[in-house]
Each structure stands twice: as structure tokens, then as C-alpha cells.
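Count the sequence shown with mature numbering (1 follows the signal peptide of the UniProt record, and there is no 0) and you get residues -21 to -1, 1 to 118, in order. The beta carbon of each residue, even a glycine, is placed where N, CA and C say it ideally should be. See structure below.
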Amino acid sequence: MKNTLCLLLLLLVHGATPLLAQQQEVRYSAADVKADLASLYQGLEQAHFNLYAFTPKRSYQRAFRQFNKAIGSDSLSLLETHKLFQRFTALGRVGHSELDFPAQAYIAYAMEGGRLIPLELAFEGEKVYIRKTLPAMPH
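Written as C-alpha cells, this is what we have:
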């Protein structure tokens, strides 16, 4: 159930990212994001018994360089940064490595009239099921 909820929220954020990014006032400098990415990588290495069990260290190092290059010199929004960190964290394919959902930004988006997908989805194997549809929120 937790995996289903996390995946649903990830899909909702991914779909709403362009709209959310327009409403975000907070932006992080490229230097700060790069420093935080380095801290994230170091934290993953320290926290895991074997971070490289499913993804070789060489692949992690290559990805780290690619992510740093992708950050460029522009600032990033909260959601752009979160998405980048989620992708990096997921490289290890370890179920207990996760980032908390950016609930405050999502709630602010919804409260400001942002569009949401009113579905509860379940992912079982290769199939996606709509468990229920939720009532539309009044604007």
C-alpha cells in the first residue's frame, strides 16, 4: 500500500511539476544543489550496509558526475531539486532509500487551485488499476 501511495504521489508530482514550478518562489542556487547532492551521496554511502549491491560504484560515480553536469549554472526550484534527488536516490534500487514527498509544496499548489488527478491507483505487477475516483474539490 505504501508503495502504491508513493508511486501515485510521484506520478501526480511529475505531472504537475511544470505548473508547480511556475508557482514556486523558492529557488536554490546551482552551487547549493550540487553541495546537497554531494551530501546526499555521502549520506547514502554511510547509511547503507552495501550501497553498491545492485548498482556498481562506477555507475554511481558516473551518474553523480552526470547529475552535477545536468544541474548547470541556473537555480532550481524546490520541485526540480526534489525530483533530481529522487532520481539519484533511486539508482541503488533499494526499497528503504526514499525521500519524503514534498507535501507542503503539494498542499500549497492544491490550495491555490492547482489541478489534481482525482484517482486512487493501484499498481500490481505490470497492471495499473483505478481503485476509486475521488470527488472533485470545489474551487
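For residue i, tell me which candidate among the options has the shortest Cα-Cα distance.
i   : options                : result
I50 : L78, S76, L95 and A14  : A14
S18 : R6, R37, P81 and N47   : N47
S56 : R41, P81 and I96       : P81
L16 : R44, A26 and R37       : R44
E24 : D11, A9 and Q40        : Q40
F64 : G93, A87, A42 and N29  : A42
D11 : M90, D79, A26 and D53  : D53
A26 : H61, H75, R37 and E91  : H75
Q21 : F67, S8, L58 and L98   : F67
A84 : A9, T60, I109 and R110 : T60
D79 : E99, K111 and L58      : L58
What are the start and end residues of the beta strand (DSSP E) that includes residue i?
i    : result
I109 : K106 to T112
Where DSSP assigns a beta bridge to residue i, which residues make up the other side?
i           : result
residue 122 : Nothing in the structure corresponds to residue 122, since the chain is present only between -21 and 118.
A101        : Y108
Can you give me the start and stop residues for the alpha helix (DSSP H) that residue i sits inside?
i   : result
I86 : A82 to M90
Any chance the stretch 24 to 33 sits against the stretch 70 to 77, with 3 or more Cβ pairs inside 8 Å?
-> They touch, by the three-pair rule.
Minimum length 4: unbroken alpha helix (DSSP H) runs contained in the stretch 7 to 60 = Counting only runs of 4 or more, we get 9 to 26 and 36 to 50.
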